[in-house]
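Protein chains in written order, with the working numbering: chain A, 16 to 179; chain B, 16 to 179. Ideal Cβ placement from N, Cα and C applies to all residues, glycine included. No experiment lies behind these values; they were computed from the predicted model shown.
Below, the structure written as structure tokens:
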């Protein structure tokens, strides 16, 4: 991780979360897990991370309780409940890009899984008041064909189906 | 910055924002700017960053358009409008800590600047529907005496007063 010191026991909740999560590779690995990619090779190909970079991040994320490794090694990694709670952090980063560079053409869009409206907030649907959590959020990614998908349905280990 | 590659032109809005902002030091520097600390020595003392670490981050943040340096060198740095848009990212990190470790005693709390209710969302007051932006958000920090303060009023260069 990029940290020069261990902030996991600081009392500031920003610094505390940042200890593991304020890392670009961790964020794009989470993005791929939410998108249904769970195996090492899938994560490597989708993120472009070197094997060593990816392995180190997956180990840190597992130690931090964000991921578990499936008993079946072919299944790879899945997000824990705590890992699923990182979704608003990803949405906040995505939203910053869109707010500050609104004319750009972005490859990932967030919408409400319940009503389908484009997300105007990081964690809450302003249209139908559903929380934009892993069970009620839809992403559209151009690199994945541009068809909207429910995060809960992708088998990323984040939704009800994968938790069962 | 901790990045191994330049992601500023990627089409993924998460990776694009992460290029500069997914860095623990950048996040705590932003935290202090939102809290009204603007001078190099104030930022250094409040974050615990080494001079070289802090100088490098301030340079990168300025180049990225998040900060400007005041003409009066005694005033230090102030957030640009784009820099102020990072607030939901900080709130998302803070919220992650509180959601995943709810029993801990945290040194920073977020509430609505309009109605005073504790924030239940990253960027929106569920109680009075005000946006939790820099003009309508209140923080309470134990390390700063525990008295709630409006971000817009601290003279951090983020609020109406400082922009004027």
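Identity of the residue in the options nearest residue i by Cα
i	options	result
residue 152/B	121/B, 113/B, 105/B	105/B
residue 29/B	51/A, 95/A, 113/A	113/A
residue 40/B	124/B, 100/B, 66/B, 161/B	66/B
residue 88/A	64/A, 56/A, 115/A	56/A
residue 162/A	50/A, 43/A, 149/A	50/A
residue 20/A	62/B, 76/B, 53/B, 131/B	62/B
residue 128/A	82/A, 45/A, 121/A, 139/A	139/A
residue 92/A	120/A, 103/A, 77/A, 102/A	77/A
residue 115/B	125/A, 48/A, 81/A, 119/A	81/A
residue 110/B	74/A, 110/A, 83/A, 102/A	102/A
Same chain only: Cβ atoms within 6 Å of residue i, ignoring 5 sequence neighbours per side
i	result
residue 135/A	141
residue 150/B	167
residue 179/A	Interpretation of residue 179/A is limited by its pLDDT of 28, a score under 50 that renders its predicted location unreliable; the figure taken from the coordinates is listed afterwards. Cβ neighbours of residue 179/A beyond the five flanking positions: none.
residue 133/A	126
residue 32/A	none
Contact with chain A by residue i, beta-carbon distance below 7 Å
i	result
residue 154/B	no
residue 200/B	Residue 200/B is absent from the structure shown; chain B starts at 16 and stops at 179.
residue 44/B	no
residue 27/B	yes
residue 24/B	no
residue 35/B	no
residue 117/B	no
residue 178/B	With a pLDDT of only 35 at residue 178/B, under the threshold of 50, the placement of this residue in the model should not be trusted; the figure read from the coordinates follows. No, residue 178/B lies away from the interface with chain A (no Cβ there is under 7 Å from its Cβ).
residue 105/B	yes
residue 49/B	no
residue 149/B	no
residue 56/B	no
residue 160/B	no
residue 38/B	yes
Own chain partners of residue i with C-beta closer than 7 Å, once the 5 adjacent residues on each side are dropped
i	result
residue 164/B	153, 154
residue 58/A	44, 47, 52, 69
residue 156/A	50, 122, 123
residue 22/A	30, 31, 33, 34
residue 158/B	122
residue 71/B	none
Backbone CA spacing between residue i and residue j [nearest angstrom]
i	j	result
residue 38/B	residue 24/A	18 Å
residue 18/B	residue 36/B	With a pLDDT of 46 at residue 18/B, under the threshold of 50, the predicted position of this residue should be treated as unreliable, and no value is reported.
residue 160/A	residue 123/A	11 Å
residue 94/A	residue 145/B	32 Å
residue 90/A	residue 69/B	42 Å
residue 27/A	residue 42/B	11 Å
residue 117/B	residue 97/A	12 Å
residue 16/B	residue 79/B	At residue 16/B, the pLDDT of 42 sits below 50, so the modelled position is not reliable and the matter cannot be decided from this model.
residue 100/B	residue 108/A	10 Å
residue 189/B	residue 75/B	Examination of residue 189/B is not possible in this model, given that chain B is present from 16 through 179 alone.
residue 119/A	residue 147/A	23 Å
residue 64/B	residue 137/A	30 Å
Contact with chain B by residue i, beta-carbon distance below 7 Å
i	result
residue 123/A	yes
residue 92/A	no
residue 13/A	Residue numbering for chain A in the displayed model covers 16 to 179; residue 13/A lies beyond these limits and cannot be assessed.
residue 100/A	yes
residue 18/A	Per-residue confidence for residue 18/A stands at a pLDDT of 46, beneath the threshold of 50, marking its modelled position as unreliable; the derived number appears in the next sentence. Output row for residue 18/A: interface = yes.
residue 173/A	Here residue 173/A scores only 42 on pLDDT, less than 50, and its place in the model should not be relied on; the value that follows carries that caveat. Closer than 7 Å: no.
residue 164/A	no
residue 5/A	Here chain A covers residues 16 to 179 and nothing more, so residue 5/A does not appear.
residue 109/A	yes
residue 67/A	no
residue 112/A	yes
residue 137/A	yes
heavy atom of the ligand PLP below 6 Å from residue i C-beta
i	result
residue 92/B	Absence of the ligand PLP is noted for the structure shown, with no ligands found whatsoever.
Residues near residue i in its chain [Cβ-Cβ closer than 8 Å; skip 5 each side]
i	result
residue 85/A	53, 91, 92, 93, 172
residue 130/A	140, 142, 143, 145
residue 73/A	44, 55, 58, 82, 92
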